[in-house]
Structures are given as structure tokens and as C-alpha cells.
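Engineer: Pasting a structure below so you can have a look.
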Amino acid sequence: MQPEEGAFFRELLRPHVPEAEFRLAGSAAELSAVMRGGPASRLISFCSPVIVPPSILRQLPGRAYNFHPGPPERRGYRPAAFAAREKARDFGVTLHEMAAEVDSGPIVEASRFELEDDLREEQISIEAYRHLVTLARRHAPRLADISRPLQPSGDAWSGPIRRKRDLGR
């Protein structure tokens, strides 16, 4: 999560949990350092390329959630790049609980939108980001309430988990 996104989440969640401590990690090394400072109650990943190791997920007393910049059928690395390359007609974003395998945990909400013809990766990513901010605002009270997990929507993941190496193929 970038510093600006960290500030956004702090401002978004603070009214619901004024006593909460917010810690930001923008890399795997920073995440490990944050966790050495004591386990977090809730981990939120927002458009981050960092894959949270299962060992860190196991340390958390509560759930971890990811704001994935792609729909459930576009799992893994840079979903907008694959959508642009494949000339997708629609796209979406997904809020889900993290699991040991990337983009496989229970889906809380998937939000979809149509794409105009011949959009580039950057254009798709910008639209996805807008939808993710809307999801964050909608789910803020529930994300702040660490006493209960967010309820799954019933949506299911599908398709392959794309990796960085797949982009060059």
C-alpha cells in the first residue's frame, strides 16, 4: 500500500475505530518488519503486488482482506494487462479474504463494469482503482469491526492464476 492509500484507509476507518493503530507496509520486507513489531489485528492489502506469505496470515488473530484490481475470473498478476491484451469487453474488481493461495479466499464482493473498445492497461487500471475506492468506502464499517469476518457473497473464483512470467507469453 502506498503512503497516500494508507492515509486514505486511516481516514476511512478511524471514525469506526478511533483507538486503532494503523501500520503501513509497502513491500514484503516492510510487512515482515511490521509483523515483528507485534501481530496486527487486521491486514488490508489494497492493489498491492506483495504476496502475503501464509506464515504472516497465520500470525493474525483476525482475517486479512485484499482489494484485488480484477474480477474473480482474472486472478493473479496485473489483471488489467491481460484484459487489455485479450480485448476484454468487461472487467471488475474483487474484495476477498486472503488465503494461502493467491486470489483464492472467500469473495466478499465483486463489482463489474463494461469496457470501451481498445482500452490500454493504464485506462483499465484507472477505472478499476475507482471501483476499488468505492468498495473500500462501502465496506469500511465492516473492515473496521475486527470482531466478525466479512460475509462471503457467494461469488466464485475461476480461471488461471496469472503470474508475471505469463505476461510475456
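Numbered according to the UniProt record's numbering, the sequence shown spans residues 1 to 169. Don't be surprised by glycine CBs; every beta carbon is placed ideally from N, CA and C. Bear in mind that the values here come from a model prediction, so they are computed numbers and not experimental data.
1) How big is the Cα-Cα spacing for PRO71 and GLY92?
2) Should ARG75 go down as buried or exposed, given a rule of 16 or more other Cβ atoms within 10 Å for buried?
3) Per DSSP, which residues does GLU109 bridge with? Please list them.
4) Taking the C-alpha atoms as reference points, what is the distance between GLY37 and ARG58?
5) How long is the line joining the alpha carbons of ALA64 and CYS47, rounded to whole angstroms?
6) So the candidates are VAL108, ARG89, ASP90; which of them puts its Cα closest to the Cα of GLU97?
7) Taking C-beta to C-beta, are ALA84 and ILE124 nearer than 7 Å?
8) Quick check on GLY168: does DSSP put it in helix, strand or coil?
9) Tell me the DSSP secondary structure of LEU12 in three-state form.
10) Please state whether the Cβ-Cβ distance between PHE67 and LEU115 is less than 7 Å.
11) Quick one: give me the first and last residue of the beta strand (DSSP E) that SER45 is part of.
12) When the Cα of ALA88 is compared with those of GLU30, ALA20, ASP117, MET35, which residue comes out closest?
13) What does a CB cutoff of less than 6 Å around ALA28 pick up in its chain, not counting 5 residues either side in sequence?
14) For ALA136 versus LEU13, is the C-beta spacing smaller than 7 Å?
15) LEU167 and residue 184 - do their beta-carbons sit closer together than 7 Å?
Structural biologist: So, from the data block:
1) Rounded to the nearest whole angstrom, the C-alpha separation of PRO71 and GLY92 is 4 Å.
2) Buried is the call here.
3) GLU109 is bridged to LEU95.
4) Looking at the two C-alpha atoms, the distance is approximately 16 Å.
5) In a straight line, the C-alpha of ALA64 is about 14 Å away from that of CYS47.
6) When each option's Cα is compared against that of GLU97, the closest is VAL108.
7) Taking 7 Å as the Cβ cut-off, ALA84 and ILE124 qualify as a contacting pair.
8) In the structure shown, the three-state DSSP call for GLY168 is helix.
9) In the displayed model, LEU12 falls within a helix according to three-state DSSP.
10) Between PHE67 and LEU115, the C-beta gap is not smaller than 7 Å, which leaves the two residues out of contact.
11) Note, SER45: beta strand (DSSP E), 43-46.
12) Of the candidates GLU30, ALA20, ASP117, MET35, the residue whose Cα lies closest to the Cα of ALA88 is ASP117.
13) Excluding residues within five positions, the ones whose Cβ falls inside 6 Å are VAL50.
14) No, Cβ-Cβ distance for ALA136 and LEU13 is not below 7 Å.
15) No information on residue 184 is available, as it lies outside the stretch 1 to 169 that the chain covers here.
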